[in-house]
Amino acid sequence: MKTVECAAYVATMAGPLIHDGAIVCDRGIILAVGNERELRAAHPDAYHLHSGHAIILPGLVNAHTHLELTGIGQLERPRTFVDWLLDLRTRFGQIADVTQFAQESVRDGISQSLKCGVTTVGDITLNPAITRPILREAGMAGVSFGEVLGMAGRRGQLEGRLAAATDRAPEGEGLVMGIEPHAPYSLDLPGYRRCIEEAVRRSMPLATHLAETPDESTFLSDGSGEFARLWDALGDAGADVPRFEGGPIRAMASVGMLERPCLLAHVNYVSDEELAILAKSQASVVYCPRTHAYFGHPPHRFMEMLDLGINVALGTDSAASAGDLNLLDEARRVHRLQPDLPLETLFEMVTVRGAKALGIGGMVGRLLPGMRANYCVFRVNGKDPFAELIESDPLVLNINRGSAAEQR
Ligand SMILES: [Zn+2]
Numbered sequence: 017m018k019t020v021e022c023a024a025y026v027a028t029m030a031g032p033l034i035h036d037g038a039i040v041c042d043r044g045i046i047l048a049v050g051n052e053r054e055l056r057a058a059h060p061d062a063y064h065l066h067s068g069h070a071i072i073l074p075g076l077v078n079a080h081t082h083l084e085l086t087g088i089g090q091l092e093r094p095r096t097f098v099d100w101l102l103d104l105r106t107r108f109g110q111i112a113d114v115t116q117f118a119q120e121s122v123r124d125g126i127s128q129s130l131k132c133g134v135t136t137v138g139d140i141t142l143n144p145a146i147t148r149p150i151l152r153e154a155g156m157a158g159v160s161f162g163e164v165l166g167m168a169g170r171r172g173q174l175e176g177r178l179a180a181a182t183d184r185a186p187e188g189e190g191l192v193m194g195i196e197p198h199a200p201y202s203l204d205l206p207g208y209r210r211c212i213e214e215a216v217r218r219s220m221p222l223a224t225h226l227a228e229t230p231d232e233s234t235f236l237s238d239g240s241g242e243f244a245r246l247w248d249a250l251g252d253a254g255a256d257v258p259r260f261e262g263g264p265i266r267a268m269a270s271v272g273m274l275e276r277p278c279l280l281a282h283v284n285y286v287s288d289e290e291l292a293i294l295a296k297s298q299a300s301v302v303y304c305p306r307t308h309a310y311f312g313h314p315p316h317r318f319m320e321m322l323d324l325g326i327n328v329a330l331g332t333d334s335a336a337s338a339g340d341l342n343l344l345d346e347a348r349r350v351h352r353l354q355p356d357l358p359l360e361t362l363f364e365m366v367t368v369r370g371a372k373a374l375g376i377g378g379m380v381g382r383l384l385p386g387m388r389a390n391y392c393v394f395r396v397n398g399k400d401p402f403a404e405l406i407e408s409d410p411l412v413l414n415i416n417r418g419s420a421a422e423q424r
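Just add 16 to the spot in the sequence shown (first one is 1) and you have our numbering.
Structural data, given as structure tokens:
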């Protein structure tokens, strides 16, 4: 069905804010975006929706989350990141039916996302066969990154996890499958090379957790520190972890991760030299502000990253650290930390920059003809819609993802 949806404002995120704008969509694809009067005249056959005092934005993009952990809820603030991982593992050990838990968590995560205008996710999953069909059925867009672990006593898991990650059966309607070599403390560098090789061969997006804590450097260089404690606790410690001097960002450069577009979640600990390496690469950084604060990391260098031309997007990470999946609350936190950051840039970080980080910027994240009809509509009353979205808690009036699930 062809529709024309009108509102006081349309933010295409590809040009200036349109006043008294409209978006014309047909069968899940954007046909035109522009002036309301002109588009209604040009498409008299379209079903007409009028949202009045509202802003139409690209569906918001939560570039880094773990929907399958939503049901865990926020864990008690840990002493260290490794304590948090161990607490998470204990909680999972207490769940009787992990499949059912993951299914319910993903459904809850999707519903929390839609409530704040998020239509598109960079979702990390250890259970692709369980979570991907739910994302597809619910009409969510984004990338489902299958998580790949494999180090020391767990090296044998690598190929099985990679096979699960690269199963593209649920792909379609704006949902893409990706590979996430988990982190330099859970996957050795040959394992990273293996993931990258598969991603390149199959043209799949890549993501990883990187420089989340300073312990990654220590562990890479001599196998000691907090992550050695983690491996001891898991009972899978092994002496066969290859050593790397120079920290996690150079480690990624050494395996070729930075030679192509890829998503780096966190990057909380980065030197000037490492920022220069990232600036020369095609990597995007996803900053997760509430999770960052929860773990008590020093201030994130996202402003310098933006100045250096690095693509920075926002994510919630999981509800087990952020508490919930409200992406606008992440943007609000950034605004409080950096009130001088232009709101247009802040909204780029939850739309076009997020889509670029996920490698699907040609499909979602902006409102342009030919892209997916993936947008959200918020009620706004005043003359500065971006400020209103940040300073109040506006109602989501409509969500369109152009998916079959929606057109039913
Ligand atoms: Zn994460």
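Ideal Cβ placement from N, Cα and C applies to all residues, glycine included.
What did DSSP end up calling residue i once you bin it into helix, strand or coil?
{"i": "Cys343", "result": "Per the sequence shown, the amino acid found at residue 343 is Leu instead of Cys. Helix."}
{"i": "Tyr25", "result": "strand"}
{"i": "Asp99", "result": "helix"}
{"i": "Cys132", "result": "coil"}
{"i": "Arg53", "result": "helix"}
{"i": "Arg388", "result": "strand"}
{"i": "Ala336", "result": "helix"}
{"i": "Arg424", "result": "Caution is warranted here: a pLDDT of 47 is assigned to Arg424, below 50, making its placement in the model unreliable, and the coordinate value is therefore given only provisionally. Coil."}
{"i": "Glu92", "result": "coil"}
{"i": "Arg395", "result": "strand"}
{"i": "Tyr303", "result": "strand"}
{"i": "Glu228", "result": "coil"}
{"i": "Gly166", "result": "strand"}
{"i": "Leu73", "result": "strand"}
Taking 6 Å as the cut-off, is the CB of residue i close to at least one heavy atom of ligand 1?
{"i": "Ala281", "result": "yes"}
{"i": "Asp356", "result": "no"}
{"i": "Asp139", "result": "no"}
{"i": "Asp333", "result": "yes"}
If you follow the alpha helix (DSSP H) that residue i is part of, which residue opens it and which one closes it?
{"i": "Leu174", "result": "174 to 181"}
{"i": "His16", "result": "With the chain covering 17 to 424 only, the question about residue 16 has no answer from this structure."}
{"i": "Arg369", "result": "368 to 374"}
{"i": "Asp356", "result": "Looking at the DSSP string, Asp356 is not in any alpha helix (DSSP H), and its letter there is neither H nor E."}
{"i": "Ser240", "result": "Per DSSP, Ser240 belongs to no alpha helix (DSSP H) and is neither H nor E."}
Determine the extent of the beta strand (DSSP E) in which residue i is found, giving its start and end residues.
{"i": "Gly194", "result": "191 to 197"}
{"i": "Val216", "result": "Where Val216 is concerned, there is no enclosing beta strand (DSSP E), although the alpha helix (DSSP H) it sits in stretches over 205 to 218."}
{"i": "Ile39", "result": "34 to 42"}
{"i": "His64", "result": "63 to 66"}
{"i": "Leu413", "result": "412 to 416"}
Please determine if the stretch 338 to 357 and the stretch 152 to 162 are in contact, where contact requires at least 3 C-beta pairs separated by less than 8 Å. No: fewer than three Cβ pairs fall under 8 Å.
So, does the stretch 83 to 90 touch the stretch 61 to 72, judging by three or more C-beta pairs under 8 Å? Because the criterion of three Cβ pairs below 8 Å is not met, the stretch 83 to 90 and the stretch 61 to 72 do not touch.
Evaluate contact between the stretch 364 to 373 and the stretch 406 to 418, counting only Cβ atoms and requiring at least three cross-stretch pairs below 8 Å. Taking 8 Å as the limit for Cβ pairs, the verdict is that the stretch 406 to 418 does not touch the stretch 364 to 373.
Three-pair Cβ contact test at 8 Å for the stretch 329 to 338 versus the stretch 299 to 314: In the pairwise beta carbon analysis, the stretch 329 to 338 is classified as touching the stretch 299 to 314: at least three pairs are separated by under 8 Å.
Curious, which full-length alpha helix (DSSP H) runs of at least 4 residues does the stretch 255 to 305 contain? Fully enclosed alpha helix (DSSP H) runs of no fewer than 4 residues occupy 263 to 271, 288 to 296 of the stretch 255 to 305, in order along the chain.
Could you check whether the stretch 47 to 54 touches the stretch 102 to 120, counting it as contact only if at least three pairs of C-beta atoms, one from each stretch, sit closer than 8 Å? The stretch 47 to 54 is not in contact with the stretch 102 to 120.
Three or more beta-carbon pairs under 8 Å between the stretch 211 to 231 and the stretch 264 to 279, yes or no? With the rule of 3 Cβ pairs closer than 8 Å, the stretch 211 to 231 counts as touching the stretch 264 to 279.
Can at least three beta-carbon pairs, one atom from the stretch 168 to 175 and one from the stretch 147 to 154, be found at a separation below 8 Å? Not touching, per the Cβ criterion.
Report yes or no: do three or more beta-carbon pairs, one from the stretch 378 to 393 and one from the stretch 185 to 193, lie closer than 8 Å? Touching, yes.
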